[in-house]
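Have a look at the structure below, then the notes.
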Amino acid sequence: MLSQTQRILRKRYIKNIVLLRSALFPLFRRHTLLFSYLIYPSLSLSPTPFPPSHSMAAISSVVSTVRARSFAFSSTVRFPHCPPSVCFPRRPFGRTLTVSAISVGDKLPDATLSYLDSAGEVQTLTVSKLTKGKKAILFAVPGAFTPTCSQKHLPGFVEKAGELRAKGVDTIACISVNDAFVMKAWKENLNIPDDAQVLLLSDGNLEFTKALGVELDLTDKPVGLGVRSRRYALLADDGVVKVLNLEEGGAFTISSADDMLSAL
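Note that the sequence shown covers residues 1 to 264 in the UniProt record's numbering.
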């Protein structure tokens with residue numbers, strides 16, 4: 001038979017356990033019940049009807065701490081320059097910011113890309129059609145009209161297109177997360193002729209970029225780039241990746257036309 005004091009202490013103990021689980025819930029969700037049993041097994045396993053008073057004080061302290069941390073992690077007030085999806089990606093709960101990048105030996109995922117033809121009409125082209133039965137070089141740039149892409153990366157492939165084709169490459173395509181109109185304007189700005197043997201393709205909705213797992217989050221940049229593609233150059237034979245030179249972010253060290261010539 002419990003005394004009045006024991007009943008009060010037991011009631012407070014159970015109340016604190018409930019508060020603790022409530023505070024942990026935003027952080028651990030599905031695992032809240034598991035955590036409560038792991039951290040405080042005495043709730044169900046202890047032969048004593050209530051914990052010592054110092055245990056309740058410790059629980060109260062933990063509840064306050066967890067609540068404060070939970071608020072800090074769920075609020076963007078302390079992190080005004082960091083979007084929630086970037087600062088706190090929900091990886092522990094089954095939703096990742098990006099998937100693993102494609103690697104050599106993998107089959108290229110199919111996606112629909114677009115471009116404007118010489119008459120200014122929007123055309124679409126699937127990756128499977130672009131690469132089926134062919135040796136294809138696909139290279140991506142973070143953005144049309146950006147310095148490195150405009151001065152080095154794209155012009156390098158335009159210049160070396162003949163040499164690449166002489167080594168058995170059937171298709172060369174530049175892919176960027178820009179719309180087809182921007183890609184057309186970029187081509188005209190760089191005076192790239194229609195017979196330059198390099199296609200400029202739009203992946204405006206990141207369909208192909210996301211399927212490859214090569215998104216580049218530039219939302220922290222003041223120029224409004226948003227989410228783009230990492231810079232890369234790959235060689236695919238009948239849709240299977242044979243060479244992959246994937247840069248760190250927008251760096252330009254291993255994905256040039258000369259690098260691909262050396263790999264052939």
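Built from N, CA and C at the ideal position, the CB exists for glycine as well. In this text, all values refer to a predicted model and were calculated from it rather than measured experimentally.
Residue 175 versus residue 168: straight-line alpha-carbon distance, rounded: 21 angstroms
Buried/exposed call for residue 166, threshold 16 Cβ in 10 Å: exposed
Residue 179 vs residue 202 beta-carbon contact at 9 angstroms: A contact, by the Cβ cut-off of 9 angstroms.
Euclidean distance between Cα positions of residue 170 and residue 125: 16 angstroms
Residue(s) in a DSSP beta bridge with residue 123: 115
Proximal residues to residue 270 (C-beta, below 6 angstroms), its chain only, five neighbours per side dropped: Residue 270 cannot be examined here, being either before or after the span of the chain that is shown, 1 to 264.
Three-way DSSP call (helix, strand, coil) for residue 170 in this model: Of the three classes helix, strand and coil, the one that applies to residue 170 here is coil, per DSSP.
Proximity below 9 angstroms, CB of residue 238 to CB of residue 129: no
Beta carbon of residue 206 nearer than 9 angstroms to that of residue 229: yes
Cβ neighbour criterion (16 or more within 10 Å) applied to residue 118: exposed
Beta-bridge pairing of residue 200 - partner residues as DSSP gives them: By DSSP's assignment, residue 200 forms a beta bridge with 174.
Identity of the residue in 163, 204, 224 and 212 nearest residue 196 by Cα: 163
Where residue 237 falls: helix, strand or coil (DSSP): strand
Residues sharing a beta bridge with residue 269, DSSP: Residue 269 lies beyond the residue range present for the chain, which begins at 1 and ends at 264; the question has no answer from this structure.
Through-space distance from residue 221 to residue 245, alpha-carbon basis: 25 angstroms
Within 9 angstroms, strictly: CB atoms of residue 120 and residue 258: no
DSSP bridge partner residues for residue 141 (one or two, in chain order): 176
Cβ neighbours of residue 184 in the same chain (closer than 7 angstroms, five flanking residues each side left out): 116
DSSP state of residue 156 mapped onto helix, strand, coil: helix
Assigned secondary structure, residue 264 (DSSP; H/G/I helix, E/B strand, else coil): coil
Any non-hydrogen atom of the ligand MG within 8 angstroms of residue 117 CB: This structure simply doesn't include the ligand MG, nor any ligand for that matter.
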